[in-house]
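First the structure, in the form of structure tokens, and then the observations on it.
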Amino acid sequence: MEERLQKILSRAGITSRRGAEELITAGRVAVNGRVVTELGTKADPGRDSITLDGKKIAHAVSGVYLLLYKPAGYMTTLKDPEGRPLVTDLLKDVRGRVYPVGRLDYNTEGLLLLTNDGDWANALAHPRHEVDKGYHVRIRGRVTEEQLRKLAAGVQLDDGMTAPAAVSLVRESESNTWLSITIHEGRYRQVRRMCEAVGLSVVRLKRVSYAFLTLEGLRSGEYRTLSRDEVERLSRGGSAEKPSKSVPDTRDERRARGTTARPVAGKATVKYGDKRITEKVRDRKAQDMVIGRKKSDTSPERPAKGRRKPRA
Ligand code: URA
């Protein structure tokens with residue numbers, strides 16, 4: 001993939017982005033034997049020979065973008081003073097130094113992105129970049145409709161109210177209840193804290209989706225490289241197509257981006273069977289929520305299709 005030279009140089013650990021610009025304008029960098037002084041010149045580190053002062057840049061790695069199925073019991077930090085296993089311990093044959101995009105708790109499993117591309121990671125972590133993140137949650141004991149309704153409408157945490165979430169009850173047994181919760185925020189331990197706030201005890205938490213990405217095809221501890229299309233689509237907030245600024249955000253476009261969240265203030269609808277309750281939401285995003293119970297559901301991994309319906 002072609003990238004700006006200063007990005008390639010800084011990622012190779014040679015200097016900062018600013019330092020790389022100085023090296024380029026000083027005429028010390030060449031691509032395929034030709035000195036490049038123009039900032040913004042692009043090269044493909046996988047294809048082109050890039051040199052600094054005539055010496056080949058040994059670690060001119062191209063962008064690495066990975067989707068890992070994180071097992072529980074791994075840290076998403078790059079070091080752990082307590083010596084616990086790190087997610088990067090699971091990566092074999094990965095060129096360059098990659099780090100996680102956002103965090104999953106030590107005991108949370110599921111979908112985690114990793115990259116060596118700081119710009120991309122920062123863009124995804126930015127609060128403006130609100131993609132849907134889907135979780136399967138095993139709760140100790142039973143969950144009441146009131147608790148589901150509260151989770152969906154937004155709960156008060158010590159760092160403020162949570163935005164409306166899509167919540168559905170997937171399965172319940174004598175001792176446990178499995179919920180599907182989709183949020184678009186990414187606050188610290190958000191799902192666990194939301195559950196605690198309504199009196200629920202989380203036994204197991206797994207992130208099953210991130211925008212349009214899922215864990216399909218991966219077993220716990222495995223990872224795959226994202227396709228270029230997936231990387232670019234995530235940069236656009238999950239949209240399959242580049243959005244046109246002149247066209248208003250329609251429900252179909254939001255669905256294509258992997259979200260039904262509306263970027264306007266409004267109301268959230270929570271549905272229990274035939275009962276429909278409309279709630280005012282405090283967040284600028286009003287999100288459709290359907291809470292349903294279907295005793296026939298057996299798999300917490302696969303919420304029944306059509307459970308979460310977009311508002312008409
Ligand atoms: N919410 C949590 O509580 N923990 C995670 O790891 C991710 C979301």
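Each residue of the sequence shown is one higher than the last, beginning at 1 in our numbering.
The C-beta atom is built at its ideal place from N, Cα and C for all residues, glycine as well.
All values reported here derive from a predicted model rather than from experimental measurement.
Does the beta carbon of residue i fall short of 6 Å from some heavy atom of ligand 1?
{"i": "Asp-80", "result": "no"}
{"i": "Val-105", "result": "Reading off the sequence shown, one finds Asp at residue 105, where the question assumed Val. Yes - ligand 1 has a heavy atom lying nearer than 6 Å to the Cβ of Asp-105."}
{"i": "Arg-192", "result": "yes"}
{"i": "Arg-313", "result": "Beyond the ends of the chain as shown, which are 1 and 312, falls residue 313; an answer cannot be given."}
{"i": "Arg-189", "result": "yes"}
{"i": "Thr-214", "result": "no"}
{"i": "Thr-225", "result": "no"}
{"i": "Thr-108", "result": "yes"}
How big is the Cα-Cα spacing for residue i and residue j?
{"i": "Arg-17", "j": "Glu-222", "result": "32 Å"}
{"i": "Leu-68", "j": "Leu-111", "result": "6 Å"}
{"i": "Arg-192", "j": "Leu-234", "result": "25 Å"}
{"i": "Gly-96", "j": "Val-64", "result": "8 Å"}
{"i": "Tyr-272", "j": "Gly-102", "result": "Below a pLDDT of 50, predicted positions are generally treated as unreliable, and Tyr-272, at 37, falls in that range; the measurement from the model is reported next regardless. Their Cα atoms are separated by approximately 33 Å."}
{"i": "Asp-132", "j": "Leu-124", "result": "12 Å"}
{"i": "Ile-24", "j": "Leu-114", "result": "29 Å"}
{"i": "Lys-150", "j": "Glu-130", "result": "21 Å"}
{"i": "Arg-128", "j": "Gly-237", "result": "9 Å"}
{"i": "Ile-183", "j": "Arg-47", "result": "40 Å"}
{"i": "Glu-232", "j": "Ala-240", "result": "9 Å"}
{"i": "Arg-257", "j": "Ala-211", "result": "Because the pLDDT of Arg-257 is 43, which lies under 50, any placement of that residue in the model is unreliable, and the question is left without a value."}
{"i": "Met-314", "j": "Gln-147", "result": "Here the chain comprises residues numbered 1 to 312, so residue 314 is not present and cannot be evaluated."}
{"i": "Arg-251", "j": "Ile-50", "result": "Residue confidence is low: Arg-251 scores 49 on pLDDT, short of 50, so the model does not pin down where it sits. Its coordinate-derived value is still stated next. Their backbone Cα atoms lie some 45 Å apart in a straight line."}
{"i": "Val-29", "j": "Lys-56", "result": "10 Å"}
{"i": "Gln-190", "j": "Leu-52", "result": "46 Å"}
{"i": "Val-167", "j": "Ala-153", "result": "9 Å"}
{"i": "Val-170", "j": "Leu-179", "result": "5 Å"}
{"i": "Gly-118", "j": "Pro-100", "result": "10 Å"}
{"i": "Ser-246", "j": "Gly-186", "result": "Because Ser-246 carries a pLDDT of 37, less than 50, the predicted location of this residue cannot be relied on, and the following value inherits that uncertainty. The straight-line gap from Cα to Cα measures roughly 29 Å."}
{"i": "His-126", "j": "Glu-21", "result": "25 Å"}
{"i": "Glu-2", "j": "Asp-89", "result": "29 Å"}
{"i": "Val-35", "j": "Leu-66", "result": "33 Å"}
{"i": "Arg-4", "j": "Val-208", "result": "34 Å"}
{"i": "Glu-196", "j": "Leu-78", "result": "28 Å"}
{"i": "Val-194", "j": "Tyr-188", "result": "Contrary to the premise, residue 194 reads as Met rather than Val in this sequence. Each residue's alpha carbon lies about 11 Å from the other."}
{"i": "Glu-38", "j": "Lys-7", "result": "14 Å"}
{"i": "Glu-109", "j": "Gly-134", "result": "12 Å"}
{"i": "Val-87", "j": "Lys-70", "result": "7 Å"}
{"i": "Met-289", "j": "Glu-145", "result": "At Met-289, the pLDDT of 40 sits below 50, so the modelled position is not reliable; the number obtained from the coordinates is stated separately. About 13 Å."}
Specify, as a first and last residue, the run of the beta strand (DSSP E) that residue i falls within.
{"i": "Lys-70", "result": "65 to 70"}
{"i": "Val-208", "result": "202 to 210"}
{"i": "Arg-224", "result": "223 to 225"}
{"i": "Val-29", "result": "29 to 31"}
{"i": "Leu-52", "result": "50 to 52"}
Looking at the unbroken alpha helix (DSSP H) that takes in residue i, where does it start and where does it end?
{"i": "Ala-20", "result": "17 to 25"}
{"i": "Leu-234", "result": "228 to 235"}
Could you check whether the Cβ of residue i sits closer than 6 Å to any heavy atom belonging to ligand 3?
{"i": "Phe-212", "result": "The model depicted lacks ligand 3 and carries ligand 1 instead."}
Threshold first: 3 residues or longer. Then list the beta strand (DSSP E) segments lying entirely within the region 114 to 191, N to C.
Taken in chain order, the complete beta strand (DSSP E) segments of 3 or more residues contained in the region 114 to 191 are 133 to 140, 166 to 172 and 176 to 183.
Taking 8 Å as the cut-off, does the region 186 to 203 touch the region 125 to 145 (at least 3 CB pairs, one atom from each stretch)?
In this structure the region 125 to 145 lies against the region 186 to 203, because at least three pairs of beta carbons, one per stretch, are closer than 8 Å.
Three or more C-beta pairs closer than 8 Å, one from the region 154 to 161 and one from the region 169 to 176: is that the case here?
Two segments are said to touch when three or more pairs of C-beta atoms, one from each, lie closer than 8 Å; by this definition the region 154 to 161 does not touch the region 169 to 176.
Cβ contact check for the region 83 to 91 and the region 41 to 49: 3 or more pairs under 8 Å
Segments in contact, no.
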